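First the structure, in the form of structure tokens, and then the observations on it.
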Amino acid sequence: GAVVSQHPSRVICKSGTSVKIECRSLDFQATTMFWYRQFPKQSLMLMATSNEGSKATYEQGVEKDKFLINHASLTLSTLTVTSAHPEDSSFYICSARDSWGAGGNEQFFGPGTRLTVL
Amino acid sequence: QKEVEQNSGPLSVPEGAIASLNCTYSDRGSQSFFWYRQYSGKSPELIMFIYSNGDKEDGRFTAQLNKASQYVSLLIRDSQPSDSATYLCAVKNQAGTALIFGKGTTLSVSS
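Residue numbers (the numbering used here), protein chains in the order written: chain A, 1 to 118; chain B, 119 to 229.
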């Protein structure tokens with residue numbers, strides 16, 4: 001199956017710093033990537049949809065100036081959490097849709113990034 | 119806000135039994151439905167997807183869809199301890215661009 005990687009897998013940072021998370025589709029091209037956040041015992045909440053070469057579409061309630069998304073190529077999207085605060089501590093997961101896959105409906109998830117803001 | 123509802127569980131079944139996981143959704147226009155499995159601390163992995171009313175079988179897993187009742191379920195036959203995980207139901211939004219997830223049902227299979 002298609003493989004999506006994320007880096008880093010775990011990050012601990014001080015309050016006020018910025019953290020960049022990378023999401024890569026390793027063996028397929030992804031015109032669309034998705035960023036989710038998951039708090040403990042909660043479901044995945046879609047933060048934004050990232051389209052290659054265009055601005056990301058953010059879900060209601062997600063601050064676009066705080067969560068910067070860049071999708072510069074068909075295999076890479078980045079999420080930057082700016083001026084992180086303890087309430088931003090969460091599990092961030094990206095997924096990518098195989099542009100050319102059968103049916104084009106499957107989303108493949110990265111392994112996630114555990115962010116802890118002290 | 120479109121919703122996907124699941125019983126959080128935990129659902130406990132003995133090894134070898136059938137586990138039945140249920141999900142309801144609010145958007146009558148939804149067309150695509152997915153079941154993901156998520157182990158603790160890991161990201162979700164796709165088990166099955168279903169688009170048409172009725173049953174879809176894949177190995178020990180059977181997805182059932184009833185659009186009239188806005189209900190989708192996942193049956194796991196011959197449950198194994200390794201099936202112990204949280205199962206997430208997901209529905210594609212009307213635009214067909216993103217998935218809306220339920221909170222998941224925790225399954226525990228005892229040996």
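Where is the CB? At the ideal position from N, CA and C, for every residue including glycine.
Keep in mind the model is a prediction, meaning the values are calculated, not measured.
- In its chain, beyond the 5 residues on either side, I12 and S89 have a beta carbon closer than 6 Å to the beta carbon of A/T116.
- Looking at A/F67, A/S77, A/R10 and A/Y58, the one whose alpha-carbon comes closest to that of B/K160 is A/R10.
- Taking 8 Å as the CB threshold, A/P111 lines the interface with chain B.
- Each residue's CA atom was taken as its position, placing B/Q188 and A/S15 some 44 Å apart.
- Nearest to B/A208 by C-alpha distance, out of B/T180, B/P162 and B/D201, is B/P162.
- Distance from A/V81 to A/S18 at the Cβ level is roughly 6 Å; contact confirmed, criterion being Cβ atoms closer than 8 Å.
- Taking CB atoms only, A/Q29 has no neighbour in chain B less than 8 Å away.
- In the structure shown, the three-state DSSP call for B/S200 is helix.
- Below 8 Å, enough C-beta pairs join the segment 29 to 38 of chain A and the segment 48 to 67 of chain A to call them touching: three or more.
- In this structure, B/I136 sits near B/L193, with a CB-CB distance shorter than 8 Å.
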